[in-house]
Amino acid sequence: GINWKDYHDLETIYDFMREIRSKFPKICRLYSIGKTAEGRDLKVLRISENPREYKKIWIDGGIHAREWISPATVTFIVYQILSKWESQPAYIKQRTWYFMPVVNPDGYVYSRNVNRLWRKNRSPSSSSSCYGVDLNRNFNINWNGRGSSTNPCSDTYRGTTPASELETKAVENFLSRRKHNLSAYLTYHSYGQYIVYPWAYKAVKVKDSAALQRVGKTAAERILSKTGTVYRSDVTHALLGIAGGGSDDWARAACGAKYVYTVELRDKGEYGFQLPPSQIRGTAEEGMIVAETVAQAIAL
Ligand code: 0X9
Ligand code: ZN
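Numbering (my numbering) for the sequence shown: -17 to 282.
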């Protein structure tokens, strides 16, 4: 079964989602929102006591295959929220949560079994012998803009069209049909210890950037006092440079989510993507603090 002492294969993560669903059938729903090029399911878990009324928070991970700490963090958040559901504060219980721990299952499996540092998905290209599209350059927001590549062999290949990829399409379809009351979109990546908010695709601030800066900074301060790890929060283009086609900008532009953050988890480069299992728990706690801080910032 699952734990946060080790990284797990895709089946263990999917089994965990099924177990949660059967342990908490009244408040959980498990969706398959599509399939990948290699035929794997794209799974989303919803937790809500009142999906019609409560404000929605979407949390995803595993957009990039090699960032194993990301799916581990998302499953940890699910576990933390549900293991003491009855005693959770209103800002957690009175929300509709969507969790997609592995947006890129084909890439995740490939990174585990073949090439540890694989980033993209595994869709074949018709114009090249190289595989894979960077899903975080494939969303339908300033697609083909700066910071993405037209070369199918590049790690930041943007794909042939906006949302050309099954994973991108599935997320865009699912979320754009649920954008009513969508208050937050959180996406976990690694590494660098950043909490960044739109825009990434242009050097402009979003209109709520004061609120985004305040909540991002609060999350970073809480992390520092609880675990001692330093996270920086700022607007994405300033901290990470300009890039088009990102899921965060798309969630903001197409779904109107206010609290949109990309969280770059540990570390600062010592181990990079190959973060040792001994750091999973501490890092996942940091991810949990961000989710709690955002849930609390949303007015009930
Ligand atoms: O470049 C990315 O996609 C993310 N960094 S990573 O090292 N995990 O690949 C940062 C994403 C920030 N947001 C956008 N660029 N839209
Ligand atoms: Zn990433």
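Virtual Cβ for every residue (Gly too), placed ideally from N, Cα, C.
Limits of the beta strand (DSSP E) - the one that residue i falls within
i, result
"Thr(-6)", "Per DSSP, Thr(-6) belongs to no beta strand (DSSP E); it is in the alpha helix (DSSP H), Leu(-8) to Lys5."
"Thr211", "Here Thr211 belongs to no beta strand (DSSP E), and DSSP marks it neither H nor E."
"Ala281", "Counting along the chain, Ala281 falls outside any beta strand (DSSP E), and DSSP gives it neither H nor E."
"Trp40", "Lys37 to Gly43"
"Ile15", "Cys10 to Lys17"
"Ala28", "Residue identity check: residue 28 is Arg in the sequence provided, not Ala. Segment Asp23 to Ile29, the beta strand (DSSP E) holding Arg28."
"Ile177", "Tyr176 to Tyr179"
Residue nearest to residue i in terms of C-alpha spacing, selected from the options
i, options, result
"Leu117", "Ile51, Asn97 and Tyr90", "Tyr90"
"Lys187", "Ala266, Thr143 and Ala235", "Ala235"
"Ile205", "Ala152, Pro71, Ala72 and Thr275", "Thr275"
"Leu148", "Ala192, Lys25, Ser207 and His162", "Lys25"
"Trp181", "Gly21, Asp230 and Thr(-6)", "Asp230"
"Lys102", "Pro33, Ser30 and Val115", "Val115"
"Lys189", "Pro106, Tyr241 and Ser136", "Tyr241"
"Leu(-8)", "Val245, Pro83, Leu12 and His46", "Pro83"
"Asp249", "Leu222, Ala185, Gln195 and His171", "His171"
"Ala145", "Asn120, Lys161 and Ser130", "Asn120"
"Tyr179", "Leu221, Asn97 and Glu154", "Leu221"
"Arg98", "Ser260, Val153 and Phe255", "Phe255"
"Asn86", "Ile45, Asp(-12), Gln70 and Glu1", "Ile45"
"Tyr61", "Ala266, Asn95 and Ile280", "Ala266"
"Thr211", "Arg160, Ala192 and Gly264", "Gly264"
"Trp305", "Leu12, Lys17 and Lys161", "With the chain running from -17 to 282 in the structure shown, residue 305 is simply not present."
"Ser110", "Ser130, Ser136, Gly129 and Lys184", "Ser136"
"Leu257", "Gln175, Arg159 and Gln195", "Gln175"
"Glu154", "Gln195, Ala279, Gln70 and Gly16", "Gly16"
"Asp23", "Val245, Ala152 and Val96", "Ala152"
"Cys237", "Ser158, Asp(-12) and Pro53", "Ser158"
"Arg34", "Arg77, Thr18 and Arg48", "Arg77"
"Ala239", "Pro134, Thr18, Ala193 and Ser105", "Ala193"
"Arg104", "Arg48, Ser215, Arg196 and Val245", "Arg48"
"Gln195", "Arg214, Lys184 and Ser207", "Arg214"
"Ala279", "Pro134, Val96, Asp216 and Pro71", "Pro71"
"His(-10)", "Pro53, Ala277, Val245 and Pro106", "Pro53"
"Tyr253", "Val197, Tyr173 and Leu282", "Tyr173"
N-terminal and C-terminal residue of the alpha helix (DSSP H) that residue i is part of
i, result
"Leu222", "Thr218 to Leu222"
"Tyr92", "Pro87 to Asn95"
"Val245", "Val245 -> not in any alpha helix (DSSP H); beta strand (DSSP E) instead, spanning Tyr241 to Leu247."
"Tyr73", "Ala72 to Lys75"
"Asp231", "Ser229 to Cys237"
"Leu64", "Ile51 to Ser65"
CB of residue i within 7 Å of CB of residue j, strictly
i, j, result
"Thr209", "Glu268", "yes"
"Trp100", "Ser108", "no"
"Phe(-2)", "Thr57", "yes"
"Ile271", "Ala201", "yes"
"Phe6", "Leu64", "yes"
"Tyr80", "Arg28", "yes"
"Ile177", "Tyr73", "no"
"Trp67", "Ile262", "no"
"Ile(-16)", "Leu247", "no"
"Ile59", "Ala273", "yes"
"Glu31", "Asp88", "no"
"Ser131", "Thr138", "yes"
"Pro292", "Asp42", "The question about residue 292 has no answer here: the residues shown for the chain are numbered -17 through 282."
Pairs of beta-carbons, one from the region 33 to 44 and one from the region 164 to 173, closer than 8 Å: are there three or more? yes
Scan the region 86 to 165 and note each continuous alpha helix (DSSP H) run of 4 residues or more that stays entirely inside, going in chain order. 87 to 95 and 148 to 158
At least 3 beta-carbon pairs within less than 8 Å: the region 119 to 136 vs the region 220 to 229: yes
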